[in-house]
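So the sequences go chain by chain: A and B. Numbered by UniProt numbering, the letters in the first sequence go through residues 1 to 348 in order. Numbered by UniProt numbering, the letters in the second sequence go through residues 1 to 348 in order. Where a beta carbon is used, it is the ideal one built from N, C-alpha and C, also for glycine. All of these numbers come straight from a predicted model, not from anything done at the bench. Report on one structure; see the data block that follows.
Number of protein chains: 2
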Amino acid sequence: MKRSTLTTFVSLALLLSGSALADDQALREKAARAGLAPLPETVPDPSGNPVTPEKVQLGKKLFFEPRLSASGLISCNTCHNLGMGGDDNLPTSVGHGWQKGPRNAPTVYNAVFNRAQFWDGRAADLKEQAKGPIQAGVEMANRPDQVVATLKSLPKYVDWFSEVFPGEEDPVNFENVVKAIEAFEVKLVTPGAPFDRFMKGADTAMSAEQKDGLALFVDRGCTACHNGINVGGQNYFPFGLIKRPGADILPPEDKGRFEVTHSASDEYVFRAAPLRNVALTAPYFHSGQVWDLKQAVSVMGTAQLGAELSDEEAGKIVAFLQSLTGVAPQILYPALPVETAATPRPQL
Amino acid sequence: MKRSTLTTFVSLALLLSGSALADDQALREKAARAGLAPLPETVPDPSGNPVTPEKVQLGKKLFFEPRLSASGLISCNTCHNLGMGGDDNLPTSVGHGWQKGPRNAPTVYNAVFNRAQFWDGRAADLKEQAKGPIQAGVEMANRPDQVVATLKSLPKYVDWFSEVFPGEEDPVNFENVVKAIEAFEVKLVTPGAPFDRFMKGADTAMSAEQKDGLALFVDRGCTACHNGINVGGQNYFPFGLIKRPGADILPPEDKGRFEVTHSASDEYVFRAAPLRNVALTAPYFHSGQVWDLKQAVSVMGTAQLGAELSDEEAGKIVAFLQSLTGVAPQILYPALPVETAATPRPQL
């Protein structure tokens with residue numbers, strides 16, 4: 001290579017690199033303007049529920065406690081498996097008596113960043129959410145009084161609740177059960193995703209394809225619904241805004257948020273799915289009928305945006321979605337207290 | 001106190017203390033003569049299955065892997081919950097389709113010290129045992145080819161099997177699945193029980209009541225069946241040797257080891273239950289119909305020894321059995337690989 005050619009080559013490379021840097025910064029700003037945000041460094045305590053290390057530990061035990069269910073067999077972790085992206089990888093969950101639940105189990109990871117909980121947002125926060133599955137006949141099929149009777153029969157739980165909720169006359173109660181579970185779930189955040197590292201300035205954290213996907217995700221309008229820290233989970237939208245999907249994906253009998261508000265405008269309205277770790281949580285949609293993430297992206301394009309995404313575009317958006325996979329916290333599997341003569345027996 | 005009185009008092013105390021020391025040593029020797037033994041410091045590798053740290057890690061993932069079951073919902077840990085004494089605290093386990101299994105799930109802790117596995121000893125070792133529940137229609141309801149297809153569809157498993165079984169042409173196979181699970185289970189031992197500390201010379205590790213119970217356990221003849229490292233699990237005996245228990249505890253349709261050997265002398269014969277951590281593993285017996293450990297001890301006295309144990313005697317034996325509770329290893333909950341398009345779908 002001649003000297004002049006080399007100089008030209010080096011200058012060109014510097015120019016390109018400078019341009020790439022400028023592009024990265026522009027993409028970051030574009031994403032931020034569209035409402036996308038990296039995970040925060042800290043999570044504020046939920047309203048009325050100060051998070052202490054002891055409460056988190058108690059919440060962890062309760063999260064893995066199958067005796068919160070009537071059968072003694074089903075724990076929160078059964079459907080929100082912390083080793084499998086925080087869900088169960090089933091179309092819809094299986095609960096008491098092998099009954100199938102009506103909707104796909106959402107991930108518990110980063111759920112604290114959702115505006116409200118459940119596909120229809122019927123629970124304002126994680127505390128309220130936790131009350132649902134424990135009592136649902138098709139899930140854990142238990143009753144609050146039975147849960148409390150079980151926990152009171154296990155002396156170690158009585159000690160732990162007393163320590164975690166000091167000064168309370170009767171600390172083993174259903175409100176405190178869900179407060180402890182909420183405190184544990186607040187810790188279930190997954191930092192370190194390529195997207196977060198990129199947004200915080202690490203240009204090389206995302207691949208070129210992932211960056212293209214992010215740009216498309218904004219330009220195509222996906223961020224109209226999927227925005228905020230959780231890339232979704234912030235607001236409610238009709239599924240089939242432009243074109244209603246088939247009955248396999250959108251079963252007519254599940255009218256979504258209509259069941260909560262009974263407002264006609266809420267028919268087939270659902271909370272926009274939070275997309276963090278979405279690559280780990282197939283199958284997709286509330287009906288859990290789509291296993292392939294690229295197909296799910298295409299369905300969204302057609303149904304919500306009226307856009308037939310090309311295979312290449314959908315592939316790039318999938319690459320971006322894969323950059324939302326973070327690092328789950330390490331969990332030491334908890335030892336649970338041994339039952340006593342007073343412990344209610346499993347109802348099978 | 002006068003000087004002479006004080007001298008007498010001190011001498012008496014020393015004499016008593018010396019006598020207690022001698023008693024402790026005598027009790028230790030009595031227990032050893034009856035075949036009881038503390039947990040060994042190390043566990044030899046199972047025959048034909050060298051235990052490496054990588055194999056243990058792979059085995060742990062498989063132990064917690066619900067996709068070993070046809071439904072994708074049931075893992076080894078479902079019925080052998082490592083947070084609950086290594087069993088499920090149910091009378092008999094619940095499996096695929098909410099079917100109830102025929103017998104109570106034995107603990108997986110210290111199972112490596114059993115002469116053979118299952119209540120009827122039909123599996124020679126932990127490898128063979130692990131093949132059972134994966135394929136049993138009432139448990140995980142899967143097939144070896146389907147298990148292998150699932151694992152081969154998950155690239156991380158393919159990598160891990162290649163690392164753990166180097167030089168094998170096709171390392172992801174059913175034999176290697178159960179070898180890895182066995183390697184993990186070999187590590188599921190619970191040292192530090194008061195009984196073990198006592199047997200190794202710590203006189204105060206067991207309470208006076210527990211020592212009385214140990215002496216009774218030997219003197220009454222319990223050690224005739226419950227001996228060895230696992231205080232049981234070494235040999236086969238008819239349930240109801242002296243007096244057959246009622247049909248609630250010994251259902252007539254389950255003929256025990258007879259189903260394995262088809263020898264008339266094996267009717268209602270079972271492997272003597274290993275008693276380590278027995279205080280954590282109610283309900284008791286293969287039928288799982290007795291929740292109270294003291295009642296279980298009384299049943300054994302009547303059925304096996306022809307002895308009506310007094311309430312005080314049964315209480316002391318229970319105290320001894322509680323001294324068999326050891327310390328479970330700490331388990332970091334494993335992250336499991338994400339499914340691919342090739343992964344067989346859950347059969348629900």
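I'd like to know if residue i contacts chain A, where contact means its C-beta is closer than 9 Å to some C-beta of that chain.
i: residue 81 (chain B); result: yes
i: residue 1 (chain B); result: Since pLDDT at residue 1 (chain B) reaches only 47, below the 50 mark, its modelled position is unreliable, and the value read off the structure follows with that caveat. Answer no: the Cβ-Cβ gap between residue 1 (chain B) and chain A never drops below 9 Å.
i: residue 212 (chain B); result: no
i: residue 150 (chain B); result: no
Could you check if residue i is buried or exposed, using at least 16 other CB atoms within 10 Å of its CB as the buried criterion?
i: residue 186 (chain A); result: buried
i: residue 262 (chain B); result: exposed
i: residue 1 (chain A); result: Model confidence at residue 1 (chain A) stands at a pLDDT of 46, short of 50, so the residue's coordinates are unreliable; what they give is reported in the following sentence. Burial call: exposed.
i: residue 88 (chain A); result: buried
i: residue 124 (chain B); result: exposed
i: residue 340 (chain B); result: exposed
i: residue 211 (chain A); result: buried
i: residue 84 (chain B); result: buried
i: residue 243 (chain B); result: exposed
i: residue 200 (chain B); result: exposed
i: residue 71 (chain B); result: buried
i: residue 42 (chain A); result: exposed
On a CA-only basis, which of the options is nearest residue i? Give me that one, please.
i: residue 138 (chain A); options: A:103, A:116 and A:148; result: A:103
i: residue 183 (chain A); options: A:135, A:304 and A:59; result: A:59
i: residue 293 (chain B); options: B:287, B:278 and B:22; result: B:278
i: residue 97 (chain A); options: A:26, A:159 and A:73; result: A:73
i: residue 269 (chain B); options: B:251, B:322, B:280 and B:282; result: B:251
i: residue 86 (chain A); options: B:343, B:341, B:334 and B:342; result: B:334
i: residue 27 (chain B); options: B:221, B:303, B:203 and B:325; result: B:203
i: residue 37 (chain A); options: A:160, A:223 and A:153; result: A:223
i: residue 47 (chain A); options: A:179, A:346, A:30 and A:245; result: A:179
i: residue 55 (chain B); options: B:157, B:111, B:135 and B:99; result: B:157
i: residue 100 (chain B); options: B:136, B:71 and B:166; result: B:136
i: residue 219 (chain B); options: B:160, B:33, B:166 and B:324; result: B:33
i: residue 111 (chain A); options: A:181, A:221, A:303 and A:71; result: A:181
i: residue 327 (chain B); options: B:301, B:144, B:31 and B:192; result: B:192
i: residue 57 (chain B); options: B:241, B:165, B:315 and B:347; result: B:165
i: residue 323 (chain B); options: B:276, B:134, B:313 and B:345; result: B:276
i: residue 311 (chain B); options: B:342, B:173, B:295 and B:132; result: B:295
Does residue i get closer than 9 Å to chain B when you measure Cβ to Cβ?
i: residue 57 (chain A); result: no
i: residue 331 (chain A); result: yes
i: residue 315 (chain A); result: no
i: residue 194 (chain A); result: no
i: residue 140 (chain A); result: no
i: residue 66 (chain A); result: yes
i: residue 350 (chain A); result: No answer is possible for residue 350 (chain A): it lies beyond the span of chain A, which begins at 1 and ends at 348.
i: residue 345 (chain A); result: yes
i: residue 282 (chain A); result: yes
i: residue 391 (chain A); result: Because chain A in this structure spans residues 1 to 348, residue 391 (chain A) falls outside the shown range and cannot be described.
i: residue 291 (chain A); result: yes
i: residue 78 (chain A); result: yes
i: residue 309 (chain A); result: no
Anyone know if the C-beta pair for residue i and residue j falls short of 9 Å?
i: residue 274 (chain B); j: residue 338 (chain B); result: no
i: residue 239 (chain B); j: residue 214 (chain B); result: no
i: residue 257 (chain A); j: residue 122 (chain A); result: yes
i: residue 130 (chain A); j: residue 95 (chain A); result: no
i: residue 290 (chain B); j: residue 120 (chain B); result: no
i: residue 331 (chain A); j: residue 82 (chain A); result: yes
i: residue 298 (chain A); j: residue 309 (chain A); result: yes
i: residue 285 (chain A); j: residue 317 (chain A); result: no
i: residue 190 (chain B); j: residue 321 (chain B); result: no
i: residue 307 (chain B); j: residue 301 (chain B); result: yes
For residue i, which residues in chain A fall below 9 Å Cβ to Cβ?
i: residue 97 (chain B); result: 98
Give me the chain B residues within the contact set of residue i, using Cβ-Cβ distance strictly less than 7 Å, ordered along the chain.
i: residue 89 (chain A); result: 72 and 339
i: residue 334 (chain A); result: 83
Which residues in chain B sit within 8 Å of residue i, going by Cβ to Cβ distance?
i: residue 94 (chain A); result: 71, 73 and 348
i: residue 279 (chain A); result: 338
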